[in-house]
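J.:
Protein chains in written order, with our numbering: chain A, 120 to 266; chain B, 6 to 210.
#1: Just how far apart, CA to CA, sit residue 173 (chain A) and residue 119 (chain B)?
#2: What do you get for residue 140 (chain B), buried or exposed, if any count of 16 or more other CB atoms within 10 angstroms of its CB means buried?
#3: Name the residue from A:146, A:217, A:169 whose alpha carbon lies nearest to the alpha carbon of residue 153 (chain A).
#4: Can you tell me whether residue 123 (chain B) is buried or exposed, with buried defined as 16 or more other CB within 10 angstroms of its CB?
#5: Could you have a look at residue 44 (chain B) and say whether DSSP puts it in helix, strand or coil?
#6: Quick one, which of B:170, B:181, B:152, B:193 has its alpha-carbon nearest residue 56 (chain B)'s?
#7: Can you tell me which residues form a DSSP beta bridge with residue 146 (chain A)?
#8: Anything in the segment 244–258 of chain A with a Cβ closer than 9 Å to a Cβ of chain B? List those residues in chain order, please.
#9: Can you confirm whether residue 146 (chain A), when its beta carbon is compared against all beta carbons of chain B, has any partner nearer than 7 Å?
#10: Do residue 67 (chain B) and residue 117 (chain B) come within 7 Å of each other at the CB atom, strictly closer than that value?
#11: By Cβ distance, which residues of its chain are closer than 6 Å to residue 198 (chain A), with the 5 residues on each side in sequence left out?
#12: How long is the line joining the alpha carbons of residue 46 (chain B) and residue 65 (chain B), rounded to whole angstroms?
#13: Would the beta-carbon of residue 155 (chain A) fall within 7 Å of that of residue 146 (chain A)?
#14: Compare the C-beta of residue 276 (chain A) against all C-beta atoms of chain B and say whether one is closer than 7 Å.
#15: Measure how close the beta-carbons of residue 11 (chain B) and residue 255 (chain A) come, nearest whole angstrom, since I'm counting them as under 8 Å.
#16: Go through its chain and collect everything with a Cβ distance to residue 179 (chain A)'s Cβ below 7 Å, but skip five positions before and after it.
#17: Who are residue 215 (chain A)'s beta bridge partners in DSSP?
#18: Note down, in chain order, every chain A residue with its Cβ under 8 Å from the Cβ of residue 88 (chain B).
#19: Interface residues of chain B around residue 265 (chain A) at Cβ under 8 Å?
#20: How far does the alpha helix (DSSP H) with residue 212 (chain B) in it extend, from its first residue to its last?
#21: Quick one: grab the DSSP three-state call for residue 239 (chain A).
#22: Have a look at A:209, A:177, A:203, A:221 and flag the residue whose alpha-carbon is nearest the alpha-carbon of residue 149 (chain A).
#23: Could you tell me which uninterrupted alpha helix (DSSP H) segments, each at least 4 residues in length, are contained entirely in the segment 12–77 of chain B, listed from first to last along the chain?
#24: Quick one: is residue 183 (chain B) buried, meaning 16 or more other Cβ sit within 10 Å of its Cβ, or exposed?
#25: Which residues in the same chain have their Cβ closer than 6 Å to the Cβ of residue 246 (chain A), if we skip the five residues on either side of it in sequence?
#26: Please go through the same chain and pick out, in chain order, the residues whose beta-carbon is closer than 8 Å to the beta-carbon of residue 251 (chain A), but skip the five residues on each side of it.
#27: Ordered along the chain, which non-local residues of its own chain (more than five positions away) have a Cβ less than 7 Å from that of residue 20 (chain B)?
#28: Excluding five sequence neighbours on each side, which residues of the same chain lie with their C-beta closer than 6 Å to the C-beta of residue 50 (chain B)?
#29: DSSP state of residue 208 (chain B), grouped into three classes?
#30: For a quick check, are the C-beta atoms of residue 232 (chain A) and residue 160 (chain A) less than 7 Å apart?
#31: How would you write the range of the alpha helix (DSSP H) that residue 148 (chain B) sits in, first residue to last?
#32: Quick one: which residues of the segment 11–29 of chain B get their C-beta closer than 7 Å to a C-beta of chain A? List them in chain order.
#33: Establish whether the CB of residue 192 (chain B) and some CB of chain A are separated by less than 7 Å.
#34: Any idea what DSSP makes of residue 227 (chain A), helix, strand or coil?
#35: DSSP three-state call for residue 255 (chain A): helix, strand or coil?
#36: Return the CA-CA distance between residue 121 (chain B) and residue 200 (chain B), expressed in angstroms with no decimal places.
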């Protein structure tokens, strides 16, 4: 009986250990060189565990497999790694790609950490052509086009 | 507009997700003493909680208030324990136990809401980027909508418990015991045990 109670308490305790699994992905269009910079903010412990390590190459490989941008011609934009920095618990991970013609019509998918947490939410904010667009991705969501 | 919608959805998902079970149990503890006819009182208390968590959330994400995460994570279950103890101990709620006049429960919920708001902020600081007004407003609206859903479900669950107790109590010789009193004791004790376990686990010292 006491063991059962302890098990129930243990399960409920793990439910609240890390109550909000969220990342923020920001897309910034740079008109001067027609590129898009993708910055992903994620909790370092979550991201490192999901990527399978803390090395840049590991983080880059994981992120490029989870964040995809598809152009209006249905071709994937080649996302290049542009580094990572850490502030406190947060990682700021950077990718960039050429985006001739701007971001309108480009489809984005942000699946990072979905395989790890069923309640993972990834928010994407895009800033281009004088507009701010926000998208919210949960597990199972397909790619979505920027208006 | 779509930024507002995104953060409303984030707030709603946060409060209705089992991952935020501590906030859900706090709402359940607050609601445990009310009958359907008391819905106005329940609404006052929940609104006070919303005001409280909105204040600290706003202060924290604007950088005006910095609170240590381990202490907040510890204080959240403490607020649940305190609410359950209040449910179990207090019989007369028209006057505060420390004297004076007026109902004190909305004030209690508001103060405890300050702690929960700091808890939300710990996870959202990472997401709010300037300008924060729209995301902050949207998140609070989402939390409020989510709370209404949680409360509706809690009210339905408590009504089922009341029905079971009304049928069960006379059979076990409990004719003189109020089903509401038994319900309050039952729900509060269960929630208290779970929250006390969290508090012990999260003790920061």
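Note that the Cβ used here is the ideal one computed from N, Cα and C, for glycine as well.
T.: A quick look at the data gives this:
#1: Here the alpha carbon of residue 173 (chain A) sits roughly 36 Å from the alpha carbon of residue 119 (chain B).
#2: Around the beta-carbon of residue 140 (chain B), 16 or more other beta-carbon atoms lie within 10 Å, marking it buried.
#3: Comparing Cα positions, the closest option is A:217.
#4: Residue 123 (chain B) should be labelled buried.
#5: Helix.
#6: Taking only the C-alpha atoms, the option nearest residue 56 (chain B) is B:152.
#7: Residue 146 (chain A) is bridged to A:157, A:245.
#8: Taking 9 Å as the upper bound on Cβ-Cβ separation, chain B lies near residues 244, 251, 252, 253, 254, 255, 257 of the segment 244–258 of chain A.
#9: For residue 146 (chain A), the answer is no, since every Cβ of chain B falls outside 7 Å of its Cβ.
#10: Result no, Cβ atoms of residue 117 (chain B) and residue 67 (chain B) do not sit closer than 7 Å.
#11: Excluding residues up to 5 positions away in sequence, 183, 214, 216 lie with their Cβ nearer than 6 Å to the Cβ of residue 198 (chain A) in the same chain.
#12: Approximately 29 Å, taken between the alpha carbons.
#13: The answer is yes: Cβ separation under 7 Å.
#14: Residue 276 (chain A) is absent from the structure shown; chain A starts at 120 and stops at 266.
#15: 5 Å between Cβ atoms; contact.
#16: Excluding residues up to 5 positions away in sequence, 200 lie with their Cβ nearer than 7 Å to the Cβ of residue 179 (chain A) in the same chain.
#17: DSSP lists A:156, A:199 as partners of residue 215 (chain A).
#18: Within chain A, no residue comes near residue 88 (chain B); the closest Cβ sits about 16 Å away, beyond 8 Å.
#19: Ordered by position in chain B, no residue passes the 8 Å Cβ test against residue 265 (chain A), which lies about 11 Å from the chain.
#20: Coverage of chain B is limited to positions 6 through 210, which leaves residue 212 (chain B) absent and any answer about it impossible.
#21: Assignment of residue 239 (chain A) by DSSP, reduced to helix, strand and coil, places it in the coil class.
#22: Ranking A:209, A:177, A:203, A:221 by Cα distance to residue 149 (chain A) puts A:221 first.
#23: Segments of the alpha helix (DSSP H) lying fully in the segment 12–77 of chain B: 26–36, 44–66.
#24: A residue is called buried once 16 or more other Cβ atoms fall within 10 Å of its Cβ, and residue 183 (chain B), having fewer, is exposed.
#25: Taking C-beta separations shorter than 6 Å and ignoring five residues to either side along the sequence, the partners of residue 246 (chain A) in its chain run 147, following chain order.
#26: The beta carbon of residue 251 (chain A) sits closer than 8 Å to those of 244, 245, all from its chain and outside the five residues before and after it, given in chain order.
#27: Correct list, in chain order: 28, 148, 151, 152, 155.
#28: Listed in chain order, the non-local C-beta contacts of residue 50 (chain B) below 6 Å within the same chain comprise 35, 110, 111, 114, local neighbours out to five positions each way being set aside.
#29: If DSSP states are grouped into helix, strand and coil, residue 208 (chain B) belongs with coil.
#30: Between residue 232 (chain A) and residue 160 (chain A), the gap from beta carbon to beta carbon reaches 7 Å or more.
#31: DSSP places residue 148 (chain B) in the uninterrupted alpha helix (DSSP H) bounded by 138–173.
#32: Going along the segment 11–29 of chain B in chain order, one finds 11, 14, 15, 18, 19, 22, 23, 24, 25, 26, 27 with a Cβ nearer than 7 Å to chain A.
#33: No, residue 192 (chain B) does not count as interfacial toward chain A.
#34: When secondary structure is reduced to three states using DSSP, residue 227 (chain A) falls in the strand class.
#35: It is a strand residue.
#36: Distance between the alpha carbons of residue 121 (chain B) and residue 200 (chain B) is about 14 Å.
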